[in-house]
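*Asks:*
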Amino acid sequence: MKVGLFIPCYVDAFFPEVGVATLELLERLNVDVRYPLNQTCCGQPMANSGCEEDAAPVEKLFVKNFASFDYVVTPSGSCTHHVRDHLTAIPQDPKVQKVRRSTFELVEFLHDVLKVREFPWARFQHKVGLHIGCATLRALRSASMSELGGPSWSKPRTLLSGVEGVEFVNPARPDECCGFGGTFSVVEEPVSAKMGYDKVHDHAKAGAEYIVSPDMSCLMHQKGCAERLGVKVKFIHIAQVLNGARA
Amino acid sequence: MTSRDEILARVRRNQPAARELPAVPGFEQALPSPSRTFKASLERMGGTFFEPPPGTDIERLVRKTFPEAKVICSATVEVAGDRPIDLVREPAALEDVDVGVVRARFGVAETGSVWLSEAELKINALGFLAQHLVVLLDPADIVANLHDAYRHRGFFEAGYAVFMTGPSATADIEGVLIRGAQGIRSLTVVAAPRAAATLS
Amino acid sequence: MKRVDHAEASSRFIAAKEHVDFHDQRLWDLRQKRDREAALIPEWEDLRSLASAIKEHALSRLADYLEEFERNATANGMTVHWARDAAEHNQIVHDILAAHGARTLVKSKSMLTDECDMRPFLESRGIEIIETDLGERIQQLDDEPPSHIVVPAVHKLRGDVARVFGRTIGTDPANSDVPYLAESQRRHTRPYYLRAGAGMTGANFAVAETGSFVVCTNEGNADLSANLPKLHIASIGIEKVIPRVEDVGVFVRLLSRSALGSPITQLTSHFRKPRPGTELHVILTDNGRSERLGMADFWYSLKCIRCGACLNTCPVYRRSGGLSYGSTYSGPIGVIIDPAFNLRKYSSLPFASTLNGSCTNVCPVKINIHEQIYRWRQLIAERNQLPMVKKEAMKMAGKVLSSPKLYRAAVQAANAGLEYLPRFMIYNPLNAWGRQREVPKAGRQSFREWYLANRGGK
Chain H
23 MKVGLFIPCY
33 VDAFFPEVGV
43 ATLELLERLN
53 VDVRYPLNQT
63 CCGQPMANSG
73 CEEDAAPVEK
83 LFVKNFASFD
93 YVVTPSGSCT
103 HHVRDHLTAI
113 PQDPKVQKVR
123 RSTFELVEFL
133 HDVLKVREFP
143 WARFQHKVGL
153 HIGCATLRAL
163 RSASMSELGG
173 PSWSKPRTLL
183 SGVEGVEFVN
193 PARPDECCGF
203 GGTFSVVEEP
213 VSAKMGYDKV
223 HDHAKAGAEY
233 IVSPDMSCLM
243 HQKGCAERLG
253 VKVKFIHIAQ
263 VLNGARA
Chain B
1031 MTSRDEILAR
1041 VRRNQPAARE
1051 LPAVPGFEQA
1061 LPSPSRTFKA
1071 SLERMGGTFF
1081 EPPPGTDIER
1091 LVRKTFPEAK
1101 VICSATVEVA
1111 GDRPIDLVRE
1121 PAALEDVDVG
1131 VVRARFGVAE
1141 TGSVWLSEAE
1151 LKINALGFLA
1161 QHLVVLLDPA
1171 DIVANLHDAY
1181 RHRGFFEAGY
1191 AVFMTGPSAT
1201 ADIEGVLIRG
1211 AQGIRSLTVV
1221 AAPRAAATLS
Chain C
109 MKRVDHAEAS
119 SRFIAAKEHV
129 DFHDQRLWDL
139 RQKRDREAAL
149 IPEWEDLRSL
159 ASAIKEHALS
169 RLADYLEEFE
179 RNATANGMTV
189 HWARDAAEHN
199 QIVHDILAAH
209 GARTLVKSKS
219 MLTDECDMRP
229 FLESRGIEII
239 ETDLGERIQQ
249 LDDEPPSHIV
259 VPAVHKLRGD
269 VARVFGRTIG
279 TDPANSDVPY
289 LAESQRRHTR
299 PYYLRAGAGM
309 TGANFAVAET
319 GSFVVCTNEG
329 NADLSANLPK
339 LHIASIGIEK
349 VIPRVEDVGV
359 FVRLLSRSAL
369 GSPITQLTSH
379 FRKPRPGTEL
389 HVILTDNGRS
399 ERLGMADFWY
409 SLKCIRCGAC
419 LNTCPVYRRS
429 GGLSYGSTYS
439 GPIGVIIDPA
449 FNLRKYSSLP
459 FASTLNGSCT
469 NVCPVKINIH
479 EQIYRWRQLI
489 AERNQLPMVK
499 KEAMKMAGKV
509 LSSPKLYRAA
519 VQAANAGLEY
529 LPRFMIYNPL
539 NAWGRQREVP
549 KAGRQSFREW
559 YLANRGGK
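Residue numbers (the working numbering), protein chains in the order written: chain H, 23 to 269; chain B, 1031 to 1230; chain C, 109 to 566.
1) Out of C:S461, C:Y454, C:G369 and C:R552, state which residue places its alpha-carbon closest to the alpha-carbon of C:Q140.
2) In whole angstroms, what is the alpha-carbon distance linking C:S364 and C:T373?
3) Excluding the five sequence neighbours on either side, which residues of its own chain have a C-beta within less than 6 Å of the C-beta of C:H389, listed in chain order?
4) Any chance the region 202-209 of chain H sits against the region 451-466 of chain C, with 3 or more Cβ pairs inside 8 Å?
5) So, at 7 Å on beta carbons, what are the nonlocal neighbours of C:A561 in its own chain, with the 5 sequence-adjacent residues on each side left out?
6) Verify whether the separation of the beta carbon atoms of H:A226 and H:V255 is less than 8 Å.
7) Do three or more CB pairs link the region 431-447 of chain C to the region 477-496 of chain C at distances below 8 Å?
8) Can you tell me where the alpha helix (DSSP H) with C:H296 in it begins and where it stops?
9) Would DSSP call C:D113 helix, strand or coil?
10) Return yes when the Cβ of C:T212 is within less than 8 Å of the Cβ of B:F1186, no when it is not.
11) Give every residue of the same chain whose Cβ lies closer than 6 Å to the Cβ of B:M1194, excluding the five residues on either side of it in the sequence, and list them in chain order.
12) Scan the region 1192-1209 of chain B for residues whose Cβ lies nearer than 8 Å to a Cβ of chain C and list them as they occur along the chain.
13) Whole angstroms are fine: how far does the CA of B:L1159 sit from the CA of B:G1233?
14) Name the residues in the region 67-78 of chain H whose C-beta lies less than 9 Å from a C-beta of chain C; which are they?
15) Beta-carbon of H:D54 versus every beta-carbon of chain C: anything under 8 Å?
16) For chain C, check one thing: does any of its Cβ atoms lie closer than 8 Å to the Cβ of B:I1037?
17) Identify the continuous beta strand (DSSP E) that holds H:S235 and give its terminal residues.
18) Closer than 9 Å by beta-carbon distance: list the chain B residues that pair up with C:W136, in chain order.
19) Just to confirm my understanding: we take C:I122, look at its own chain, exclude 5 residues before and 5 after, and list those with CB closer than 8 Å. What are they?
20) Can you tell me whether B:R1049 is helix, strand or coil according to DSSP?
21) If you draw a straight line from the alpha carbon of H:C101 to that of B:Y1190, how long is it in whole angstroms?
22) Using DSSP bridges, identify the partner residues of B:M1194.
23) Roughly how many angstroms separate the alpha carbons of B:A1070 and B:T1218, rounded to a whole number?
24) Looking at C-alpha atoms only, which residue of C:L158, C:S377, C:P287 and C:R169 is the closest neighbour of B:G1184?
25) Sort H:G151, H:A35, H:L51 and H:E75 by Cα distance to C:K499 and report the nearest one.
26) Using a Cβ-Cβ distance cut-off of 8 Å, determine whether C:F130 contacts chain H.
27) Should the region 212-224 of chain H be regarded as contacting the region 516-526 of chain C, the criterion being three or more beta carbon pairs within less than 8 Å?
28) Out of C:K507, C:E178, C:G185 and C:D280, point me to the one whose CA is closest to C:V315's CA.
29) Three-state secondary structure (DSSP) at B:M1031?
30) Helix, strand or coil, according to DSSP, for B:S1230 in the structure here?
31) Helix, strand or coil for B:D1128 per DSSP?
32) I'd like to know whether the C-beta of H:Y232 is nearer than 8 Å to at least one C-beta of chain C.
33) Can you give the Cα-Cα distance for H:L132 and C:V470, rounded to whole angstroms?
34) Kindly list, in the order they appear in chain C, the residues whose Cβ is closer than 9 Å to that of H:T62.
35) Going by DSSP, name the residue or residues bridged to C:H340.
36) Is there a Cβ from chain C that is less than 8 Å from the Cβ of B:H1177?
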């Protein structure tokens, strides 16, 4: 099984430690994983703005970079959602279809493909507010959704439960959107910031020391809000926790 | 081309390909006590449920429940009231009615609703102008859920039919629940089996 | 026609802290009540599927069902009119009122009449119109449109209502006791029902099988408006027609639970015939619906039963308020309906969304709302209605991100910028991100650089 590692642009630029943790974690699990050096972006920012024409060359490059792998794994639910469900700006030849089908978000990959549940090298002795980004939650169906009722289940939570020391807190609105939403964070900045402030306050009030998420984009937004507010919550990506980060 | 023809033509042209119409299941549930479920549902919606012992004088019960009432207007045989509804010509003349009394055709346990048509209300406005409404309901006339209810012939016969579920209400201002908005301020359902054939 | 600027309007809404927090919590509360009610019904998801299928079928045979409805309604003694658009709808209403010499109209809530902008049309022709729904009445007296489909004045606090009533119906402006305000509106409105020449309602459902229509309300105002005057006019959008009486049961079980978290509205009224000695007029109104029916990506929006559940769950709507959408229809359903009325005017609305998908999950008739929002974005870009700045930014982004070299240079520049630029250059009015958030700290090296250094050129 050959895995191609896709690192979203904002992780590449601003949160390389998340990429490092993702790579190291997959290596620990004996996965043959490589990072194609000419990758850039999956096309989501342009596509989400309706600009299919501008997304097309980016999507083409993505497929070119990842066509030779059995799986494409990325620490980003929204990128995964885009590739699997919206990578339509280019002709859908068999190569494109295969790359689309084979792209997985990290938690999905660990939970459903590798089926790993134990992380004996990991220890995270902290109160954790788990945040699942909306694409990861509702598009990739990584956990039960409060709108739909039924028994509660969660792939990220299942994985984190395999890490010693993790204590989950219960925010009042666990699956309300945090307000990042891609370019929404800029074009609708007032509502975006208000949503981020509310989310951060909710977790802080519930006693979270860390907000942990499979989605660095959400964390980047929430972190920005918390720092401006002076709220003393810290932020860490689930890959880092599963890979053994202590703090 | 009339507007009607134009609209229908455009609709016909634009209609999507035919989709099947599903059958509506009954979602039946066995209710051990329809009355008890009805009572709980009705109280949840702000209504009151009386289960007087057999032989109770309903009129006495109504007057006792509403001692300040000056005008009781009844559309039932059980209660005579102060103003016979058959003598009321205009709906507006019911404006000063304190308590209206009607008998429901049937009730719905799922929601605590009672069904009234122009036959039961005699004058529809009685159900909305009266300050309070007393509704007689034979417990044998309680169906389990709304699917049962919507199979009732009444919907094919009545010119006007209403499910009343508790008093009128609103929460339009700051979400504060007000019972008694613009219609009836209270709804009291009295369990009262229908009389056997009335001798006129 | 001026473009609606949702973001700008929202910033004003958010600035009123007590109001925005109340608004958000009140509507979230309705969402939670909805969840609790749905959890009590084991067949809830089956009901949603059923309701969706019934609506899709009805819309696929809409012409036949409209004719069946008209046939039966007419046989029952109703008079059925057809209105192509808002102007014709308003004219028909006026003509009916004029024919009966009716100068005062009591009306209950109807989004369609708001959509058609009926009130100013009639008022300018000398008709006095009393909105009888409490929320609509508050908004009418305050000369503001309704801000929510179900609770039209949800954005106002009791003090606001007290001031409005004090100015207009003579209550004590300093008395904001809610029961006092509600009772005042009751007493003030009651005489109008008794003397109005006509009453007007909307309809939640029109049943083809019986030629009847259903009105679901809580206050009693619709039934007073319909059962006192000798003339009852009902405005009904053509998409409201459903096939059978038994279908109504499915929708009634879903409607109030979705809207308010209550099992049923206090009143569910079924009109099949005019009362003896009175007239009942129905105006079947198109106003763009037949057009939307032919839009493959968007016709599902016609399934809408106007419950407002999507508004209640939408985190953007809760924090920006219905008035910031500049249209009768706000929130998620507004976002997918309004651009069909006027693409340019409402081109910002599909971007007033994080595409989180909660709306789609709560919709009782399974409208794929967030998917339609995504599709509208594509149409807006295709038809050149994106703001110039955004269009250029996306073009630029596409160029940079489709070139590995340009991308790598941009990453380096971003890191360098964050590391070396003074704070005032990063945080300034041009940088929207930085208005209320800190920007990410500069990394020492990008992931790619780390990979090259630590894993070789693998």
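Idealized CB from N, CA, C, for every residue including glycine.
All values derive from a computational prediction rather than experimental measurement.
*Replies:* So, to answer that:
1) With respect to the C-alpha of C:Q140, the residue from C:S461, C:Y454, C:G369 and C:R552 having the closest C-alpha is C:G369.
2) One Cα belongs to C:S364, the other to C:T373, and the distance between them is close to 6 Å.
3) For C:H389, same chain residues with a beta-carbon under 6 Å away, outside a window of 5 residues either side, are T187, I204 and I341 in chain order.
4) Contact between the region 202-209 of chain H and the region 451-466 of chain C is established, with three or more Cβ pairs separated by less than 8 Å.
5) The answer is none, since no qualifying residue turns up.
6) For H:A226 and H:V255, yes; Cβs fall inside 8 Å.
7) Segment contact: the region 431-447 of chain C against the region 477-496 of chain C, three or more CB-CB distances shorter than 8 Å; contact assigned.
8) Note, C:H296: alpha helix (DSSP H), V286 to R303.
9) The DSSP-derived three-state label of C:D113 is coil.
10) No, the pair does not count as a contact, with Cβ atoms beyond the cut-off.
11) For B:M1194, where only same-chain residues beyond five positions count, the Cβ hits under 6 Å are V1144.
12) Result list: V1192, F1193, M1194, T1195, G1196, P1197, S1198, A1199, T1200, A1201, D1202, I1203, E1204, G1205, V1206 and I1208.
13) The structure shown does not extend to residue 1233 of chain B, since chain B is modelled only from 1031 to 1230, so the question has no answer here.
14) Listed by position along the chain: P67, M68, A69, N70, S71, G72, C73, E74, E75, D76, A77 and A78.
15) For H:D54, no Cβ of chain C is located within less than 8 Å of the residue's own Cβ.
16) Closer than 8 Å to some Cβ of chain C, the Cβ of B:I1037 qualifies, so yes.
17) Boundaries of the beta strand (DSSP E) harbouring H:S235: Y232 to S235, taken from the DSSP string.
18) By Cβ distance, chain B contributes nothing, its closest Cβ being about 11 Å from C:W136, past 9 Å.
19) Once the five neighbours on either side are set aside, the close Cβ partners of C:I122 are V128, R427 and S428.
20) Reduced to three states, the DSSP call for B:R1049 is coil.
21) Each residue's Cα considered, the two are about 55 Å apart.
22) Note: B:M1194 sits in a beta bridge opposite B:V1144 and C:L375.
23) Rounded to whole angstroms, B:A1070 and B:T1218 show a C-alpha spacing of 13 Å.
24) If we check each option's Cα against that of B:G1184, C:S377 comes out closest.
25) It is H:E75 whose Cα lies nearest to the Cα of C:K499.
26) No, its Cβ sits nowhere closer than 8 Å to a Cβ of chain H.
27) Because the criterion of three Cβ pairs below 8 Å is not met, the region 212-224 of chain H and the region 516-526 of chain C do not touch.
28) Proximity to C:V315 across C:K507, C:E178, C:G185 and C:D280 peaks at C:E178, based on C-alpha coordinates.
29) Reduced to three states, the DSSP call for B:M1031 is coil.
30) Caution applies to B:S1230, whose pLDDT of 47 falls short of 50 and renders its modelled position unreliable; the model cannot decide the point.
31) Three-state DSSP puts B:D1128 in coil, outside helix and strand.
32) It does not; no Cβ of chain C falls within 8 Å.
33) So the alpha carbons of these two residues sit roughly 30 Å apart.
34) Ordered by position in chain C, the residues that pass the 9 Å Cβ test against H:T62 are V508, L509, S510, S511, P512, L514, Y515 and R516.
35) C:G307 and C:L388, per the DSSP bridge assignment.
36) Closer than 8 Å to some Cβ of chain C, the Cβ of B:H1177 qualifies, so yes.
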